[in-house]
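First to last, the protein sequences are chains E and Z.
The opening residue of the first sequence carries number 184 in our numbering; numbering runs sequentially from there.
The opening residue of the second sequence carries number 467 in our numbering; numbering runs sequentially from there.
Where a beta carbon is used, it is the ideal one built from N, C-alpha and C, also for glycine.
One structure below.
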Amino acid sequence: MKTRRLDNYGKINRDKILSFRWDKKNYKGFEGDTLASALLANNIGIVGRSFKYHRPRGIFSSGVEESGALVTIGSKDRRDPNVRATTQELYNGLEASGQNAFPNVNFDLAGINNYLGRFFAAGFYYKTFMGIPPFEWGRGTAIWMFFEKFIRKAAGMGSASELPDPDSYEHAHDFCDLIVVGSGPAGVAAAIEAAEKKLDVILVEQDSLVGGDQLAENNFDNSRIKNQLENLGIKIMTRTTAFGLYDNCVVGLLERVTDHISAPNVNIPRQRFWTIRAKHIIVGAGAIERHIAFNNNDIPGVMTVNASKHYLNRYGVLTGKRIAIATNNDSVYETAQQLSEAGANVTVLDSRTNLEIETNKSFEIRKGYVPYNINGSKKIHSLDVSKSEDINKSETINCDQVLLSGGWSPAVHLLSHRGVRPKWDYSNACFLPSDSKENITMVGSSRGLWNKNDCIASGIAGTTDALNRLGISKTNYFFPKPGGWKNPIQPLYEVKYKKSRSKSFVDYQHDVTTDDVRLAHREGFISVEHLKRYTTLGMANDQGKMGNIIGLSLMAELLNKEIPEVGTTVFRPPYTPVSIGALSGRNVGKHFRPLRVTPMHQWNIDHGAKMIEVGLYQRPWYYPKENETLSDSYIREASTVRKTVGICDITSLGKIAIQGPDSSEFLNRIYSNGFSKLQVGKARYGIMLRDDGIVMDDGTSWRLAENEYFMTTSTGEAAKVMSWLEELLQTRWTNLNVNVTSVSEQWAGVSIAGPKSREVLNNCVDDSLVVTNNNLPFMGVTSTFLKGNIPCRIARISFSGELAFEVYVKSDFANTMMDLLWENAKKYDGCLYGLEALGALRVEKGHVTAAELDGRVTIDDAGLSKMASTKKSYIGSAMRKRGVLKNNDREILVGFFPTNLKETFNAGTIVCEKNNIKGQGIGRITSVTYSPELGHWIGLGFVKGGLDKWKDTNLVGADPVRNKQMNLKVVSPHMIDPNGERMYA
Amino acid sequence: MIRINCPYCGERDHSEFSYGGDATINYPSLDASEKEWTEAIFFRKNIKGFQFETWHHSNGCRMWLVVERSTVTHEIKSVKPCHPNLQKVVENNK
Ligand SMILES: [Zn+2]
Chain E
184 MKTRRLDNYG
194 KINRDKILSF
204 RWDKKNYKGF
214 EGDTLASALL
224 ANNIGIVGRS
234 FKYHRPRGIF
244 SSGVEESGAL
254 VTIGSKDRRD
264 PNVRATTQEL
274 YNGLEASGQN
284 AFPNVNFDLA
294 GINNYLGRFF
304 AAGFYYKTFM
314 GIPPFEWGRG
324 TAIWMFFEKF
334 IRKAAGMGSA
344 SELPDPDSYE
354 HAHDFCDLIV
364 VGSGPAGVAA
374 AIEAAEKKLD
384 VILVEQDSLV
394 GGDQLAENNF
404 DNSRIKNQLE
414 NLGIKIMTRT
424 TAFGLYDNCV
434 VGLLERVTDH
444 ISAPNVNIPR
454 QRFWTIRAKH
464 IIVGAGAIER
474 HIAFNNNDIP
484 GVMTVNASKH
494 YLNRYGVLTG
504 KRIAIATNND
514 SVYETAQQLS
524 EAGANVTVLD
534 SRTNLEIETN
544 KSFEIRKGYV
554 PYNINGSKKI
564 HSLDVSKSED
574 INKSETINCD
584 QVLLSGGWSP
594 AVHLLSHRGV
604 RPKWDYSNAC
614 FLPSDSKENI
624 TMVGSSRGLW
634 NKNDCIASGI
644 AGTTDALNRL
654 GISKTNYFFP
664 KPGGWKNPIQ
674 PLYEVKYKKS
684 RSKSFVDYQH
694 DVTTDDVRLA
704 HREGFISVEH
714 LKRYTTLGMA
724 NDQGKMGNII
734 GLSLMAELLN
744 KEIPEVGTTV
754 FRPPYTPVSI
764 GALSGRNVGK
774 HFRPLRVTPM
784 HQWNIDHGAK
794 MIEVGLYQRP
804 WYYPKENETL
814 SDSYIREAST
824 VRKTVGICDI
834 TSLGKIAIQG
844 PDSSEFLNRI
854 YSNGFSKLQV
864 GKARYGIMLR
874 DDGIVMDDGT
884 SWRLAENEYF
894 MTTSTGEAAK
904 VMSWLEELLQ
914 TRWTNLNVNV
924 TSVSEQWAGV
934 SIAGPKSREV
944 LNNCVDDSLV
954 VTNNNLPFMG
964 VTSTFLKGNI
974 PCRIARISFS
984 GELAFEVYVK
994 SDFANTMMDL
1004 LWENAKKYDG
1014 CLYGLEALGA
1024 LRVEKGHVTA
1034 AELDGRVTID
1044 DAGLSKMAST
1054 KKSYIGSAMR
1064 KRGVLKNNDR
1074 EILVGFFPTN
1084 LKETFNAGTI
1094 VCEKNNIKGQ
1104 GIGRITSVTY
1114 SPELGHWIGL
1124 GFVKGGLDKW
1134 KDTNLVGADP
1144 VRNKQMNLKV
1154 VSPHMIDPNG
1164 ERMYA
Chain Z
467 MIRINCPYCG
477 ERDHSEFSYG
487 GDATINYPSL
497 DASEKEWTEA
507 IFFRKNIKGF
517 QFETWHHSNG
527 CRMWLVVERS
537 TVTHEIKSVK
547 PCHPNLQKVV
557 ENNK
């Protein structure tokens, strides 16, 4: 196959030959190539099939605006779809394939869609929702459900790997005075000026080389500029895209670290997601050349003019032999001359009749001519052209390439992220950036400057603007006026040729045609945002970088308005796609969120614990012996607690030190029950309400001294309660003299429960008198020592209904405490018990936890009315009495037994009346367990009206998720020892 | 990303903070009527422009702050401690 590579052109490294595979065949390219330049050099014209019509598509551009050459890179777990071949650097062994085609892009069976265009016109998806005309057959979701799988299959643009991503990604952070986006002449001038004024500068460039559009110049030396920047101490970040601007001059960057390397070091992340906090942002993001809409303007061989200049001068590829250039502006003439000097036969069709252009006459210029149709399907055979005033009088130019330049659109995207709307400039036929109140300055061609010298001047002015805004200088400056061409541009967005039924494309990526825009207008979708959604114009990878303005101009014409009256869609981040891997960084798998373990975590595991996650915490779930299952184990553990003694790690509870002279008053205000009379050496169970009267959390507070309390909270609400106490003290009750400190990490806690618990503890404390019934009565608190001189806090608190103690030591002593307690518990045939047994014990006793206190439950609903003081006011005391919380059909806490005691049920079961099993029923089961004490399954939950209403009624538990149903009866939630004889023993 | 200038810690990302709510509410006394409490906790103005709101520097110094922030642009005009004594400390250290 003949190559299109020219010997004397390009900055590629011809000493380094790279092999790559395209659609299962081997090819060669050079170091410095992109996949697109290597494909063009190998004379490969068709690289994909279009989205809806499966038309052959080639390479339209040389950059991020590409909407044709979207390919799949890599294979197996590294398969990456929708990669722009124009920005993918070539590496040895690169594997790529075309998309959206079967069996391949050259011969695609779905190409028939091209002839079924009527069914794929704008709004196809919406209309499918509405039903198929003429009878709106299958109206509603049914028809969509039917078609969806076919549509999805047909509409796919390549498919992602379904295997786990083998690469790693990183989040990184940096700060600087000034970040400059883009290393074209403007950006470089701004960065140099700023570095010379001693600013700390980061220069970001999405390309692998600095230089911007200068890389398309035949004598550009990028290494000289790079050295100059580095010598000034500027941090240069290449292969890095500024994808979004955020509040307070925060910039999001995506650095592609290894996407250009064939066998990257596995210790290096594939991509880095940077958050840069700058004091000022200068955007020199350049401008993007537009195409022109006319019939068959998508045939492989169509390209922007500037792209062909890049391929010639940077990659040494001459993209055509007989080239027709269609334009409405001056920017093409340098390229035309260079292409003809490189050996191409060039004809320029300029829509303008009056213009002055100096050339060496190596190519033909036809003034007042426009293209209106391309002949060919898989490649270009010829171009039909006409005088612009009368499209019907035509002639045909033989050519193998058509280059288009319909004008340039400044890349205002990043400024648009900040909500700054661009303004339409009639003389340059483009949107220009407006000024930003934030510290953001646009420079270079992204503010509509077409000459290099103007760009450089604007860069220096941009930095002066930055210095002024940062208060470093007060220097006058001015920006050059937008424009800079000798002859004014003549707006040209579409060449209409009425006789043809061919398609004329506005947005290549989603196959949006000029007819689609007209259809949207006819059907009333005339606002820009509606137009976008109805036709999908400007969606997907390229986000309409080339086609948006053409779509707007068509709508403006249809509405008889000017483009600025039609508006522009707001650009949102990201500027170019960001991989999900980069967004998640290292927060994947086990590192998805932090892991918390208690100080006796390893001790628990060494003693046979199976762990379970509770929030961020790892907690012992159960301690199986030999072949025990979970239920064998927890039933044994719970029975052992009721029979002798058990030990359980409760360190995950929140712990707060409350200190200061107003501590008692503070607790009395935040708890619903009285705390002002709690004596030193006593603890109390308490309930906190929210302002709106709903239960927030429950826990205990121990009075250690006159002005010192130790509060425990539930595991799940610990952080919330801490913030809440701080909020009250710092915002509402600022005259209270109280200090709160989280000590959750400082103390390790254990519960010792069961009839033998006092005897075990007695053997473990230094002074055996401290835990007698007299010295440590129910809810008594003492600060004492465990054997070995270990300071500890002990309270006689029970959530199991048994005689029980909570013991806390400093976290460093956790293992010593566990060894000591366990050694003594073993003497009484005691056990270690986990969360499952703890749950069983508390459900038997009717104690509520997070499963019941779910943010909807009042203190009365939870059956804890006696915990609501009538003698004082407290947080939530007014609001808990409001009407809706006092309805007599509220769901009240009850216990549940299965009618047939051999049956089981699950949490989540819906409780219904016997002959009315539907909807949300009359209640729900929130917690269940097998009760070793009672010998059958029991549950806690809620039912409308509570125990009194349903005491003797047969109810039904409906569990549609598990396809289960059982008969239930409602019982008191206090299912064992309702009078507390064991607890007070 | 909003950057909040904590009077104690300096300028930090908003991800270090937790949003509280309207900082201008005068919470009624605990024994106030249901009506007063209803107004204090359920009725909010939907301000377009600058508003005073509380933020908690939960992953920092744990101070509750009054932040004067524009709901339109996120521009922050002022940040100060909620607690008057802490406000005085900050003022004295300026
Ligand atoms: Zn702080």
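Within 8 Å of any Cβ in chain E, is that where the Cβ of residue i sits?
i: residue 540 of chain Z; result: yes
i: residue 537 of chain Z; result: no
i: residue 500 of chain Z; result: yes
i: residue 488 of chain Z; result: no
i: residue 485 of chain Z; result: no
i: residue 513 of chain Z; result: no
i: residue 510 of chain Z; result: no
i: residue 544 of chain Z; result: no
i: residue 530 of chain Z; result: yes
i: residue 474 of chain Z; result: no
Does any C-beta atom of chain Z lie closer than 8 Å to the C-beta of residue i?
i: residue 1060 of chain E; result: yes
i: residue 431 of chain E; result: yes
i: residue 360 of chain E; result: no
i: residue 1247 of chain E; result: Not covered by the structure: residue 1247 of chain E. The range shown for chain E is 184 to 1168.
i: residue 915 of chain E; result: yes
i: residue 184 of chain E; result: For residue 184 of chain E, the predicted structure reports a pLDDT of 45, less than 50, and the residue's modelled location is therefore unreliable. The matter cannot be settled from this model.
i: residue 258 of chain E; result: no
i: residue 353 of chain E; result: no
Among all the DSSP beta bridges, which residues are the ones paired with residue i?
i: residue 425 of chain E; result: E:436
i: residue 521 of chain Z; result: Z:485 and Z:531
i: residue 208 of chain E; result: E:205
i: residue 922 of chain E; result: E:842
i: residue 476 of chain Z; result: Z:472
i: residue 797 of chain E; result: E:800
i: residue 354 of chain E; result: E:456
Among the options, which residue has its Cα nearest to the Cα of residue i?
i: residue 469 of chain E; options: E:397, E:1144 and E:413; result: E:397
i: residue 1066 of chain E; options: Z:544, Z:482, Z:500 and Z:468; result: Z:500
i: residue 973 of chain E; options: E:989, E:949 and E:979; result: E:949
i: residue 863 of chain E; options: E:884, E:849 and E:246; result: E:884
i: residue 1137 of chain E; options: E:1115, E:1120 and E:1082; result: E:1082
i: residue 1257 of chain E; options: E:433, E:1057 and E:439; result: Nothing about residue 1257 of chain E can be read from this structure; chain E reaches only from 184 to 1168.
i: residue 352 of chain E; options: E:679, E:970 and E:771; result: E:771
i: residue 815 of chain E; options: E:1019, E:932, E:462 and E:360; result: E:1019
i: residue 281 of chain E; options: E:199, E:526 and E:228; result: E:228
i: residue 677 of chain E; options: E:669, E:670 and E:687; result: E:687
i: residue 971 of chain E; options: E:961, E:996, E:707 and E:960; result: E:996
i: residue 288 of chain E; options: E:994, E:1087 and E:233; result: E:233
i: residue 897 of chain E; options: E:653, E:850, E:1031 and E:984; result: E:1031
i: residue 692 of chain E; options: E:1157, E:401, E:235 and E:211; result: E:235
i: residue 918 of chain E; options: E:848, E:875, E:942 and E:867; result: E:848
i: residue 341 of chain E; options: E:361, E:274 and E:258; result: E:258
Round the Cβ separation of residue i and residue j to the nearest angstrom and send it over; I've been treating them as touching at under 8 Å.
i: residue 1142 of chain E; j: residue 1109 of chain E; result: Contact doesn't hold; Cβ gap of about 13 Å is too wide.
i: residue 549 of chain E; j: residue 532 of chain E; result: 5 Å
i: residue 556 of chain E; j: residue 685 of chain E; result: 7 Å
i: residue 412 of chain E; j: residue 386 of chain E; result: 6 Å
Would you check if there are 3 or more beta carbon pairs closer than 8 Å linking the region 475-488 of chain E to the region 227-244 of chain E?
-> yes
Indicate whether the contact test is met: 3 or more Cβ pairs, each with one atom in the region 1034-1044 of chain E and one in the region 834-843 of chain E, closer than 8 Å.
-> no
Touch test, the region 488-497 of chain E against the region 635-643 of chain E, Cβ-Cβ under 8 Å, three pairs minimum = no
Answer yes if the region 435-453 of chain E comes into contact with the region 256-274 of chain E, meaning at least three C-beta pairs across the two stretches below 8 Å, and no otherwise.
-> yes
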